[in-house]
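Asks:
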Amino acid sequence: MRNFFKNIKNTVKAKFNAVKAAVCRKIRNVRVTVNAATYRFAVRSSTMLAATRGENFVDSGIKILIAVVIGALLLGGLYALFGDTIMPTVTEKVKSMFDFKG
16 MRNFFKNIKN TVKAKFNAVK AAVCRKIRNV RVTVNAATYR FAVRSSTMLA ATRGENFVDS
76 GIKILIAVVI GALLLGGLYA LFGDTIMPTV TEKVKSMFDF KG
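Residue numbers (our numbering): 16 to 117.
(1) To the nearest angstrom, how far is the alpha carbon of residue 17 from that of residue 28?
(2) For chain D, is any of its Cβ atoms less than 8 Å away from the one on residue 50?
(3) Hey, how far is the Cα of residue 90 from the Cα of residue 78?
(4) For residue 66, report the span of its alpha helix (DSSP H) as first-last.
(5) Alpha carbon to alpha carbon, what distance is there between residue 64 and residue 94?
(6) In the DSSP assignment, find the alpha helix (DSSP H) that holds residue 77 and state where it starts and stops.
(7) On the three-state DSSP scale, how would you describe residue 102?
(8) Pick helix, strand or coil for residue 116, following the three-state DSSP scheme.
This is how it looks when you write it as structure tokens:
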């Protein structure tokens, strides 16, 4: 009878150790995967930060300059149009509405 209980105890202990080893192995694999991903991210980040290429700064500056010039031309044209053509007409119409005697 004693051997029977010893066998059960040893079997349970062996199964417990096998499950414990499998869980530890899974945890270790997850930790290694996370560490590898973190390492790859760190290497990629440091590579990007250490890069010395221009990234089209001149092209971006020229685009911004062109946009500002075109915007100024449009604004000037609208200002001239409203000042010389539209506003005098509107002023005449408003005056004629207030001078209405009817």
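Ideal placement from N, C-alpha and C gives every residue a C-beta, glycine not left out.
Replies: The short version:
(1) Within the sequence shown, residue 17 is the residue found at index 2, counting from 1. Within the sequence shown, residue 28 is the residue found at index 13, counting from 1. Straight-line Cα distance between these residues: approximately 16 Å.
(2) The structure shown contains no chain D, having only a single protein chain.
(3) The sequence position of residue 90 within the sequence shown is 75, counting from 1. The sequence position of residue 78 within the sequence shown is 63, counting from 1. Rounded to the nearest angstrom, the two C-alpha atoms are 18 Å apart.
(4) Here the question's residue 66 lines up with position 51 in the sequence shown. In the DSSP annotation of this structure, residue 66 is not part of any alpha helix (DSSP H), being labelled neither H nor E.
(5) To locate residue 94, count along the sequence shown from 1; it is residue 79. To locate residue 64, count along the sequence shown from 1; it is residue 49. When rounded, the distance between both Cα atoms is 46 Å.
(6) Stepping through the sequence shown from its first residue, residue 77 is reached at position 62. Taken as a continuous stretch (DSSP letters only), the alpha helix (DSSP H) holding residue 77 covers 72 to 96.
(7) For the purposes of this step, residue 102 is taken as the residue at position 87 of the sequence shown. Helix.
(8) One-based indexing of the sequence shown puts residue 116 at position 101. Coil.
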